[in-house]
Each structure stands twice: as C-alpha cells, then as structure tokens.
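Participant: Chains as they are written, first to last, in the numbering used here: chain A, 1 to 403; chain B, 1001 to 1403.
Where is the CB? At the ideal position from N, CA and C, for every residue including glycine.
Structure below; questions to follow.
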C-alpha cells in the first residue's frame, strides 16, 4: 500500500515533534507500506517570514515572497529526512522542484497543473521513505519558485497522493478526527469514522476548521481517500470517501456551529434590478466573504430590506463599503447585529429523507430559540440565531438527532 | 561598470542592516552602474540550522544538509530584493539554480564548475539590481542542491564576478579593509589601499581573518579585482589586484600575528626514512593543520627531534595521535609548549630586496625576543616566539619597517 502522510506546522513545530513524525513514517514503512511524507514549515516560521517581508516592504513582490516562503518547508523536509535516517531507514528529502510539482505562474497562490513524481517513484522503489516539502512548486513555463497559498501543504499532499496513485492520504492534525459536534460543547460528541467528501466540504464551509476546503475539493474530484487523524496518538481518525449506501442511512452526520458571525440589514434600499448585485460585488471586491443573504422584496414596493451575514471581524469594513454606496443604493439605515451565530446540521441522508429541516426548526422553537435566517443546501440546514443560544442549540440538536 | 557586492551574515543580520545593504546597492545603481548583490544567510541562521540537524541526527546526510542550509540564503536574497524594491528600484532575487551556478556533486563543499548567468544578464539589461543567494548551487549532473562550504558566499561572489565579467567584486565586512597590523595592537597601523593577491593569501594563511583563502585564490586565478570594505561606512577599502611595478617598491606591506599557536617537539624519534611522513600523515588524516615543521637530523644519528606548530585548540588531539604512534616511531617524550605565538612580515617587495629576513631577526633579537622557529616563503617571513612577546614584536616590527 502507498500512503501519503501530511504533517502540518504544529506537528513539526520542534525537534521532538519531528522525531514523532519520523517514527510514524518508519512504523508505516515497517508494516511493508511505501510512505511519502509531506511537511509544512515549522509552526510560526511562515508567519515570521511574512512579518519580515512586510517590515522591509509594505507591498512585497509576490515572486520574491515565494522564494522567501518556500524556504520554511525546505528546512522541515531536510530535517525530517535526516531524522528518519537516524532511525535507520533510508529517506530522501525532495523539494517541490525535485518532486516535479508543476504549477501555473500565479505567485503566492499557484495552482498545481501536474506532478511528475519520477524521482519519488524511483526512491520508493529503492526502499526510501520520501519526504516532500509541501506548499511549493515550480512554474511550468518559467521555472520560477511558486507557492500554493495558505493551507497549500494539504493540497500538495492530496495532489501527490493522486499523482502517485496512493491508496490513502493521511492528514495529521491536532485533533483525533471529525466530530459529530465540538466536544468542548457537547460531551456526548464522538468521532465520526467515515464521512463523505460533500459532508466534509459542508462542515468546512460551516465553520469546522479541521481541513482546508480546497484540498477536500481536489480529493473529491480525483477520489483520493483522505484520513484526518491526530499526530499525537495512534487512534484511527475519520476517513473521508465517496458516498456509499451505508452512509445514506445516517440522517445527520454532524452539528456544526460558528460563533464569529454578524448580520447586517440594509433598510429600505431602492427596489430596482441590479441593486443586490451592486452591493455584493462591492463587498466581494474587498475580499469579504458574505455567507447568507436574505432579500425580502414585495413586487411593486419602492423599497426593500436586504440582510446578509459575514465574519464578525469584517463588520466595520462592510459598513464602510455600504456607506460609500449610499448614493447609489439609497438605504435609510444599516441595522448591525454582532450578537449572532450559526448552527448547522449536515448529512448526506437528507437527500433521501424529508422532514429533517422541519425537525430542526421544531427542536429550536420548542427550546424558545428564535431563528433569524435560514439557509439550506442539499445536505445541510443552517440557522442564524442569537449568539448566546449557539452552544445550547448545538447540544439540543446533537441530542435530537441522536448523533 | 558592473559591480558585484557581497554581504556576509553580519551585514544582513537584521532588517535594519538589510536596509543598509539595499541602500548601498541602490546608491551604486544610481551612479549608473550595474549591480549584482550576493548575500549570505542572516548571522546565526546557518549555525542554528546545523545545530538542528545534529539534534536529529549525529551524522546528518550531506545531501539533505544542503537542502537545509541553502534555505538561509534564499531568505536573505528575497528580503534584500524586496527592500530594494521598496526603495523604488527594480530588483530580482535569484537562487543559485536560477542564476545558473553549476557545481560538481560533492555535497556541503561543492566546487563551482561554471555559471551561466543568463537570467542575471537579462535582468541587468532590463534595469534590475540582481540579488543572488550566495553559498549555493546546483549539481550539473544530477540537479541536486549543493552548497560550497564555509565562506562559500565569498566564493560565489568572486565566481559570479568572473562569469559576468564584472569590473569589481566588493566584499563587505565589519572592518574597513586590510591593515598594516592589527590596530588593536599597533596604534599607528593604517589601512592598506592596494595589495596583491599573493600578499592577501599570505596574510590570510598567517592569521588575518578578513578574507577566506579559497576566494582569494580564485580571484587571483581569474584576475578578478577584489575590494574589501566595511558595510558600516562609505570609506574606500583595500583593493586586491595583480602585482604591479609600484607595489614592488614596498618592502613589507603588513605585519601579521597569530596568538593561537602551540608547538610540539617529538624527542628522540627513530632516524629512519619515512618517519616524518608517517607522523604528519596521521595528523593530517584527523584534519589537523600543521603549520611549521622543523627537523634537526644529523646523518648517522640513531635518534632525532621533530618540532611542529599547530593551532592550540588541536594540541590534545595531536598528542593522542602521537601517543598512538609511539610503537612505530619510538620517541622518548613529547615536549609541548602552548605559550607560543607567531609573528610574520609580508610583502611582494621581498622578492627583489634581500636582507629583509635578517633585519627582522635583528630587530627581534635587539629587543631580546628569542626566535624559536622560522619559516619563510618568497614573500613572507614568520617567527615562532614566546606568546607574551607577540604584541610587542608586532609593534616593533611595524615601526622598524616603517609601515
């Protein structure tokens, strides 16, 4: 079996943790598996380099930024290979270039175009553990150093697993896997053994921070089995795979929540075609990600209200943008509520079972929790509620759906 | 004019110093010159990485060591280019690979085979300041990352200056240039404006730490004019060039000294052919560099004494080696003197003027300084004397030769 093991910054934060990573890789290799280890920079290193860059230049060039940032993963991949060698196994460190990670030429957020992996294949054949510097590649057209953006090491791992035809891509992190709810809130919450790519994507977008969305999307696209597990113990983690029949039986897989939300209502905007587009384009242009949108428009009315939610940290920036648009969109006032949160239920079983949303609303209302906004997808239902009820809502929903 | 400016670790030790480096490069470019900046890793970074490597593996693989260590120069070259850009000049950072520094495949101490420099030429033509990561290259045959060994950034700079046909290679350091003697000892000591490659090599081997020997050798071989100067002020430094007529007029250019010497005398070794070779091969095998050797052998004698000097820090190791050879070389005892030092005079003028050595001995003896060993080359005379007289000897010789 060929296994790709990806370790993030906290898993390689110091020498002792790098030893732990090396031991894991060796353990897998000794079972007779081929192992490719993908590492991030040591925790804090990338941020330190970014801070240095901003000290010398408020607007550092992205090409040089990539040369700068790619150095962090080179350090960990070399150290990890040396550590494995110290444990008596053959190991080889490969940079993005040496592995053949070819990307487009978009610096600091390049997209992988293909991975040749020739050297890695040969090294595996020769009995080496291959240690790869994640997050980095080389532009196919220009030979320039590129990086894949935040969370790029997860993406490297998934793309390498696909290119090398690996049987499993393990993403090591500081939690045991994906939980039915936040165990800090729900003491009955338990680790999910198996979940679909779609559910994982939904959970990630609903506030679960276990995996980066882009890497799950790529894994889903190429059907790369992912396992999220802890680098601090040997418990089995959560396997993320394509939907199968068993999974459909489960109505709700997890309850997610997000306490960093705010809602802005724009009161009495002109009820004209294109007004909403104008508002949300202006907000998107400043890289603010709007989550839910609700428009309550009655045909013939001259004015309407538009509400949307966004990360609470962006509230001020959004207000500023809206104030700037006042002349064009003509609202009477902004109603800003920073005391809101989101609670969501996720499960592929919803596709084939009706009444799940109704049950959620019922449970919340019976507990006198008012629903301010609702959003649904094929496999999830989310409600915006008062911030102070979020934890309670998570607990009662977890219980109601008997997770 | 094309100028290569090389800045060592202390000159790029922090953001403020990197700004200073950037300002110097921009200043030169604004005069209408083309500028290539070669940088080392920030002071302490390389040592930190080496320490990490030894923590994970007492005997780290050299291939991985090169991936590890080459990261330091990548950081400084990216930061320096960004800083120059912040000053409003175009700049481009190039790694060893991107500049085309092709080496042999000997990891951690590779030799440069050639430098293509294509990208640098184009970038200079387009009005960029080119910032190069020193110390690193890429193996011509395998594409592996290589490094050039300690002091490798000086070597990078000289090789780049040669390959790019530069008019001058400036080596920036923390001293103003090469002095006629250590200014801490001789208050009349002054900076030398111009010195030959050979004198510089001689001074370097006699204890002056300004420049690394290997880079001066390469500069001499390819006739690259070198300028040693301070990165902390704008004073002209010391120019190191081929010998010319003017220089021959100067009898003695500088007085050098070395207080880290020891002398070991092996008493009563067998007087047989090959004994000395056996001794010094055993010592060289442990990487101990012996300096002076004196053998006092009378034909027909059964036993003889052999004395040699070495760095004081190596005394214990050398004694251990000699004790191990006792059976083969059969000495009666070792006489170890750790209270010795070396004082030397250097000057190309000695080639055409006789009596320089005699004058040196005369000056020392008039001051009641006993000479324990003597070594001469075409352009230098060195004496081993008691450690406590070294500083005095430097002063009186500086005065006697009226430097």
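Kindly give me the distance between the Cβ atoms of residue 1175 of chain B and residue 1137 of chain B, rounded to whole angstroms, as I take these residues to be in contact under 8 Å.
Facilitator: No, residue 1175 of chain B and residue 1137 of chain B are not in contact; Cβ-Cβ is about 28 Å, not under 8 Å.
Participant: At a CB-CB cut-off below 9 Å, which residues of chain B make contact with residue 118 of chain A?
Facilitator: Neighbours of residue 118 of chain A on chain B: none; closest Cβ ~11 Å, over 9 Å.
Participant: Report the neighbours of residue 1019 of chain B on chain A: residues whose CB is nearer than 8 Å to its CB, in chain order.
Facilitator: Per Cβ cutoff of 8 Å: 56.
Participant: Of the choices B:1305, B:1359 and B:1207, whose alpha-carbon is the least far from that of residue 1266 of chain B?
Facilitator: The candidate whose alpha carbon is nearest that of residue 1266 of chain B is B:1305.
Participant: Could you name the residues of the same chain whose beta carbon sits closer than 6 Å to that of residue 1208 of chain B, not counting the 5 residues immediately before and after it, in chain order?
Facilitator: Only 1256 meet the Cβ criterion.
Participant: Ends of the alpha helix (DSSP H) at residue 969 of chain B?
Facilitator: Chain B is shown only over 1001 to 1403; residue 969 of chain B falls outside these bounds and no answer can be derived.
Participant: Name the DSSP beta bridge partners of residue 1382 of chain B, please?
Facilitator: In the DSSP output, where bridge partners are listed per residue, residue 1382 of chain B has B:1344 and B:1375.
Participant: Which residues of chain A have a Cβ atom closer than 7 Å to the Cβ of residue 1052 of chain B, listed in chain order?
Facilitator: By Cβ distance, chain A contributes 15 and 79.
Participant: Can you list, in chain order, the stretches of the beta strand (DSSP E) that have 3 or more residues and sit fully within the region 193-271 of chain A?
Facilitator: 194-196, 226-230, 238-241 and 254-270, all fully within the region 193-271 of chain A.
Participant: Where residue 1003 of chain B and residue 1253 of chain B are concerned, what is the direct C-alpha to C-alpha distance, given to the nearest angstrom?
Facilitator: For residue 1003 of chain B and residue 1253 of chain B, the distance between alpha carbons rounds to 27 Å.
Participant: Closer than 8 Å, Cβ to Cβ, to anything on chain A: give me those residues from the region 1344-1363 of chain B, in chain order.
Facilitator: Listed by position, the residues of the region 1344-1363 of chain B near chain A (Cβ gap below 8 Å) amount to none.
Participant: Check the Cβ of residue 1095 of chain B against every Cβ in chain A and list those closer than 9 Å, keeping chain order.
Facilitator: Residues of chain A passing the Cβ test: 67 and 145.
Participant: Might you give, ordered along the chain, the residues of its own chain that have their beta carbon closer than 8 Å to the beta carbon of residue 385 of chain A, omitting 5 neighbours on each side?
Facilitator: Closer than 8 Å at the Cβ level, and outside the excluded window around residue 385 of chain A, lie 340, 341, 342, 343, 364, 369, 370, 371, 372 and 393.
Participant: When DSSP labels each residue in this structure, what does residue 1288 of chain B get in the three-state scheme?
Facilitator: Residue 1288 of chain B: coil per DSSP, three-state reduction.
Participant: The beta strand (DSSP E) spanning residue 115 of chain A covers which residue range?
Facilitator: Residues 112-115.
Participant: May I have the straight-line CA-CA distance separating residue 288 of chain A from residue 1168 of chain B, to the nearest angstrom?
Facilitator: Going by the C-alpha atoms only, they are around 52 Å apart.
Participant: Cβ closer than 8 Å: which chain B residues qualify as neighbours of residue 74 of chain A?
Facilitator: 1067, 1068, 1070, 1071 and 1074, listed in chain order.
Participant: For residue 377 of chain A, which residues of its own chain have a beta-carbon under 8 Å away from its beta-carbon, when the five flanking residues on both sides are left out?
Facilitator: Contacts found: 202.
Participant: Is the Cβ of residue 1139 of chain B closer than 7 Å to any Cβ of chain A?
Facilitator: No, its Cβ sits nowhere closer than 7 Å to a Cβ of chain A.
Participant: Decide if residue 1057 of chain B is buried, meaning its Cβ has at least 16 other Cβ atoms within 10 Å, or exposed.
Facilitator: Classification of residue 1057 of chain B: buried, given that the 10 Å Cβ count is 16 or more.
Participant: I need the straight-line Cα distance from residue 1089 of chain B to residue 1216 of chain B, nearest angstrom please.
Facilitator: Taking the straight line from one Cα to the other gives about 31 Å.
Participant: Would you kindly check if the distance between the Cβ of residue 1129 of chain B and the Cβ of residue 1084 of chain B is under 7 Å?
Facilitator: Yes, the Cβ-Cβ distance between residue 1084 of chain B and residue 1129 of chain B is below 7 Å.
Participant: Note down, one range per segment and in chain order, each alpha helix (DSSP H) of at least 4 residues found wholly within the region 1059-1109 of chain B.
Facilitator: Runs of the alpha helix (DSSP H) inside the region 1059-1109 of chain B: 1062-1086 and 1096-1099.
Participant: Please state whether DSSP places residue 15 of chain A in a helix, a strand or coil.
Facilitator: In this structure, residue 15 of chain A counts as helix in the three-state DSSP scheme.
Participant: Taking the alpha-carbon positions, what's the residue 1149 of chain B to residue 1260 of chain B distance?
Facilitator: Near 23 Å, if we compare the C-alpha coordinates of residue 1260 of chain B and residue 1149 of chain B.
Participant: Thinking C-alpha only, which one of B:1105, B:1226 and B:1329 is nearest residue 1303 of chain B?
Facilitator: Among B:1105, B:1226 and B:1329, the Cα nearest to that of residue 1303 of chain B belongs to B:1329.
Participant: Any beta-carbon of chain A closer than 7 Å to the one on residue 1064 of chain B?
Facilitator: So yes, residue 1064 of chain B belongs to the interface.
Participant: Shorter than 7 Å from the beta carbon of residue 60 of chain A to some beta carbon of chain B?
Facilitator: Interface residue, yes.
Participant: At which residue ranges does the region 145-172 of chain A contain complete beta strand (DSSP E) runs of 3 or more residues, listed in the order of the chain?
Facilitator: Whole beta strand (DSSP E) segments, 3+ residues: 145-147.
Participant: If we define contact as Cβ-Cβ less than 7 Å, is residue 262 of chain A a contact residue for chain B?
Facilitator: Chain B contact via Cβ: absent.
Participant: By alpha-carbon positions, which one of B:1279, B:1293 and B:1232 ends up nearest to residue 1262 of chain B?
Facilitator: Residue B:1293 is the option with its Cα nearest to residue 1262 of chain B.
Participant: Beta-carbon within less than 8 Å of residue 1165 of chain B's beta-carbon, same chain only, minus the 5 sequence neighbours each way: which residues are those?
Facilitator: Same-chain partners within the cutoff: 1002.
Participant: Report yes or no: is there a C-beta of chain A within less than 7 Å of the C-beta of residue 1315 of chain B?
Facilitator: Not an interface residue.
Participant: Against chain A, which members of the region 1108-1136 of chain B pass a CB distance test of less than 7 Å?
Facilitator: Against chain A - using a Cβ distance shorter than 7 Å - the region 1108-1136 of chain B contributes no residues.
Participant: Decide if residue 273 of chain A is buried, meaning its Cβ has at least 16 other Cβ atoms within 10 Å, or exposed.
Facilitator: When all chains shown are included, residue 273 of chain A counts as exposed.
Participant: Using alpha carbons as the reference points, say which of A:126, A:321, A:118 and A:99 lies closest to residue 135 of chain A.
Facilitator: Comparing Cα-Cα distances from residue 135 of chain A to each of A:126, A:321, A:118 and A:99, the minimum goes to A:99.
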